[in-house]
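Each residue of the sequence shown is one higher than the one before, counting from 66 in the working numbering.
What follows is a set of notes on a single structure, which appears directly below.
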Amino acid sequence: MDKNDKNSDDLIVGGYKFATVADAETARMEEKKVENLEQHLDYRKPQNVLLVYNKAIENRVFLTPIGQAYLRKMQVEMIQWGVPAEKIQPIPLYGTFSNKTENNSSIRRSVAARKPKIEYKGRFLTSLLINVILVILVIGMFVISWKSDVPNIVNYRTAVINEYSEWEQQLQEREQAVREAEKELNITP
Numbered sequence: 066m067d068k069n070d071k072n073s074d075d076l077i078v079g080g081y082k083f084a085t086v087a088d089a090e091t092a093r094m095e096e097k098k099v100e101n102l103e104q105h106l107d108y109r110k111p112q113n114v115l116l117v118y119n120k121a122i123e124n125r126v127f128l129t130p131i132g133q134a135y136l137r138k139m140q141v142e143m144i145q146w147g148v149p150a151e152k153i154q155p156i157p158l159y160g161t162f163s164n165k166t167e168n169n170s171s172i173r174r175s176v177a178a179r180k181p182k183i184e185y186k187g188r189f190l191t192s193l194l195i196n197v198i199l200v201i202l203v204i205g206m207f208v209i210s211w212k213s214d215v216p217n218i219v220n221y222r223t224a225v226i227n228e229y230s231e232w233e234q235q236l237q238e239r240e241q242a243v244r245e246a247e248k249e250l251n252i253t254p
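Below, the structure is given as structure tokens:
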């Protein structure tokens, strides 16, 4: 047996050959679910079968032909036990089976159904609100820095110039006091 034969065997489940190993694994898991249900489900109680059937369809438990065949078997059993046909939901198919579509609308619906819908408007508003708050905080930090007495990068030049101006004024006042004291003492330089 060569490598391709082994890979081909990995794709076969329940008489179906799947396109990918992931699909084949999903089918194997569905086989196990079917076996479990077969062991525990009493087909003589059609109301229980209908309940399990509806839950399986609601929760998309069966996606492969393996699970869909089991759902069909459940339909037949319920009809035989007298469950009205209008109470039995049809089995949903989640894929397309021909390339002939009307404007590819069924493909678009199928793809749209698989994609989670993201609410962009809510995310946009949240992002916008956070950005506005951050801009206000940055502006507030600049205002605090500008009004602060402590030298910082925003007002450093002004603070240094003011400090030197004060020193120069103090020196001029001391010089003036020294000159006045020299005049009173008649000391000439």
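Cβ coordinates follow ideal geometry from the N, Cα and C atoms, glycine included.
- Task: Measuring only between beta-carbons, confirm whether R109 sits less than 8 Å from chain D.
- Result: Looking at the structure shown, chain D is missing, and only one protein chain is on hand.
- Message: Just verifying my parser: in three-state terms, what is the DSSP assignment at M66?
- Response: The predicted model places M66 with a pLDDT of 44, which falls under 50 and marks its position as unreliable; any figure quoted below should be read in that light. Here M66 sits in coil by DSSP.
- Boundaries (first-last residue) of the alpha helix (DSSP H) holding G205: It spans Y185 to K212 - the alpha helix (DSSP H) in which G205 sits, taken as one unbroken run.
- Under a three-way DSSP split, which group does I153 fall into? Correct three-state label for I153: coil.
- Give a yes or no on whether the C-beta atoms belonging to V148 and L115 are separated by under 8 Å. The answer is yes: Cβ separation under 8 Å.
- Message: Does the region 138-147 come into contact with the region 96-112, if we say contact requires no fewer than three beta-carbon pairs (one atom in each stretch) closer than 8 Å?
- Response: Three or more pairs of CB atoms, one per stretch, sit closer than 8 Å, so the region 138-147 contacts the region 96-112.
- Task: Taking only the alpha-carbon atoms, compute the straight-line gap between P157 and K98 and give it to the nearest angstrom.
- Result: Straight-line measurement puts the Cα of K98 at about 18 Å from the Cα of P157.
- Continuous alpha helix (DSSP H) stretch holding G132: start and end: Following the DSSP letters along the chain, one finds G132 inside the alpha helix (DSSP H) bounded by residues P130 to Q145.
- Message: I'd like the span of the alpha helix (DSSP H) that includes R222, first residue to last.
- Response: It spans Y221 to L250 - the alpha helix (DSSP H) in which R222 sits, taken as one unbroken run.
- Query: If you draw a straight line from the C-alpha of R125 to the C-alpha of M206, how long is it?
  - Reply: Cα atoms of R125 and M206: separation of roughly 54 Å, rounded to the nearest angstrom.
- Excluding the five sequence neighbours on either side, which residues of its own chain have a C-beta within less than 6 Å of the C-beta of Y81, listed in chain order? Here the set comprises P130.
- Message: Tell me the residue span of the alpha helix (DSSP H) that contains K110.
- Response: Looking at the DSSP string, K110 is not in any alpha helix (DSSP H), and its letter there is neither H nor E.
- Item | Buried/exposed call for G132, threshold 16 Cβ in 10 Å | It is buried - the Cβ of G132 has at least 16 other Cβ atoms within 10 Å.
- Item | Under the three-state DSSP convention, the category I218 falls into | I218 sits in coil when the DSSP states are folded into three classes, being neither helix nor strand.
- Taking R93 as the reference, which of T191, D214 and D74 has the closest Cα? Of the candidates T191, D214 and D74, the one whose C-alpha sits nearest the C-alpha of R93 is D74.
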